Structure formats: C-alpha cells, structure tokens
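The structure appears below as structure tokens.
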Amino acid sequence: MSRIVVLLSALLVLASCANTQPVYNVDHHPMPEAARNLPVDRIGELIVKAGEQRQWTFQRAGTGHLVATQIDGRYAAVIDIYFDQSSYSITKKSTSGFPEENGEIHRRYNNWIHYLEGDINAQLATAAP
309 MSRIVVLLSA LLVLASCANT QPVYNVDHHP MPEAARNLPV DRIGELIVKA GEQRQWTFQR
369 AGTGHLVATQ IDGRYAAVID IYFDQSSYSI TKKSTSGFPE ENGEIHRRYN NWIHYLEGDI
429 NAQLATAAP
C-alpha cells in the first residue's frame, strides 16, 4: 500500500512540473518590414491596438516603452514592452497567481506572451503610415 502512495505522490509531482516552463521573454524581435519606417509613436499605437484585442491594458512609460497589464480571474501579469524601428522586446515585470519557482512559471503566462507576440507581429506586418 505504501508503494502505491509513493508512486501516486511522484506522479502528482511530475504532473505539476509539466505545467511550468522557463519564463518566456521576447528579446529584440525584428520589426516587420511594414513597420520599420513608421514613427516610434505609431509603432506604440499599433502595439496597444494588438494587445487590447486580448484585454491587455497599457500605460506609456516613455518613448519606446509601454507597461502592459493583463488580469484574468486570479491570474495577473505586468510586462515591459520596449520598441524602436528595428525591434521590440517583451519582459516579465511581475505576476500574481502563477506558480513560479527557479525561473520557471506556469505555462499560462507563457501562452499569454506568445499570443501577444503573435498579435503584435500581425498588427505591425500590416501597418500603414
């Protein structure tokens, strides 16, 4: 009987580990060709438009810098987005509700960032001055 308890405990630990991944940051993602000649303020507007589709809220923190917040039930994330005419980066600022340890975080957070990155790419790829 104790073998079964130990085995079930080990399986539970392994299952919970499968839900965590290394924190995903976007590091100097190349700016799509269509957006490279846009003014930095216009690029920021397009990033905001992309994020608002998934209920991200934004604060301007300076030229080429946005702080975005996402809240979904018990989960919340705050990220920094830095951008210029050549690239953009997304980095985790803080989170709550996500299990996080040793540089790993619940995969839901990473999914949020992957979706946001895709939305930003799509928005910038079709940019017009």
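Just so we're aligned: the sequence shown equals residues 309 to 437 in the numbering used here. All C-beta atoms, glycine included, are put in the ideal place defined by N, C-alpha and C. Since we're looking at a predicted model, the values are computed, not measured.
For the pair the segment 372-383 and the segment 345-364, tell me if three or more CB-CB distances fall below 8 Å.
yes
Closest by C-alpha distance to ARG368, when choosing among TYR383, GLY381 and TYR390:
The sequence position of residue 368 within the sequence shown is 60, counting from 1. With distances taken between Cα atoms, ARG368 lies closest to TYR390.
Using the C-alpha atoms, what's the distance from ILE421 back to TRP412?
Counting from one through the sequence shown, the residue named residue 412 turns up at place 104. Counting from one through the sequence shown, the residue named residue 421 turns up at place 113. According to the sequence provided, residue 412 is Glu. The question's Trp does not apply to it. Going by the C-alpha atoms only, they are around 14 Å apart.
Determine the extent of the beta strand (DSSP E) in which GLU412 is found, giving its start and end residues.
Locating residue 412 in the sequence shown gives position 104, counting from the first residue. Per DSSP, GLU412 is one residue of the beta strand (DSSP E) stretching across 412-414.
Starting from ALA358, trace the alpha helix (DSSP H) in both directions and tell me its first and last residue.
Here residue 358 corresponds to residue number 50 of the sequence shown, with the count starting at 1. Start and end: 348-360.
What do you get for GLY461, buried or exposed, if any count of 16 or more other CB atoms within 10 angstroms of its CB means buried?
Residue 461 lies beyond the residue range present for the chain, which begins at 309 and ends at 437; the question has no answer from this structure.
Under 8 Å by Cβ, that's how I've got LEU432 and ARG362 pegged, so tell me the actual separation to the nearest angstrom.
As a first step, residue 432 is located in the sequence shown; it is residue number 124 there, counting from the start. As a first step, residue 362 is located in the sequence shown; it is residue number 54 there, counting from the start. The pair is not a contact, with the Cβ atoms about 16 Å apart (cut-off 8 Å).
What is the DSSP secondary structure of TYR383, reduced to helix, strand or coil?
Along the sequence shown, read from residue 1 onward, the residue named residue 383 stands at position 75. Strand at TYR383.
Answer with buried or exposed for ALA385, where buried requires no fewer than 16 other C-beta atoms within 10 angstroms of its C-beta.
Numbered from 1 along the sequence shown, position 77 holds the residue referred to as residue 385. The residue in question, ALA385, is buried, as its Cβ has 16 or more Cβ neighbours within 10 Å.
When the distance is taken between beta carbons, is ASP388 closer than 8 Å to VAL348?
One-based indexing of the sequence shown puts residue 348 at position 40. One-based indexing of the sequence shown puts residue 388 at position 80. It is not a contact, given that the beta carbons lie outside the stated cut-off.
Quick check: what's the CA-CA separation for SER402 versus THR365?
For the purposes of this step, residue 402 is taken as residue 94 along the sequence shown, with counting starting at 1. For the purposes of this step, residue 365 is taken as residue 57 along the sequence shown, with counting starting at 1. Their backbone Cα atoms lie some 15 Å apart in a straight line.
Taking the beta carbon of THR328 as the centre, do at least 16 other beta carbons fall within 10 Å, making it buried, or is it exposed?
Here residue 328 refers to the residue found at position 20 when the sequence shown is read from its first residue. Classification of THR328: buried, given that the 10 Å Cβ count is 16 or more.
Alpha carbon to alpha carbon, how far is TYR396 from ALA435?
Here residue 396 refers to the residue found at position 88 of the sequence shown. Here residue 435 refers to the residue found at position 127 of the sequence shown. Going by C-alpha positions, TYR396 is about 15 Å away from ALA435.
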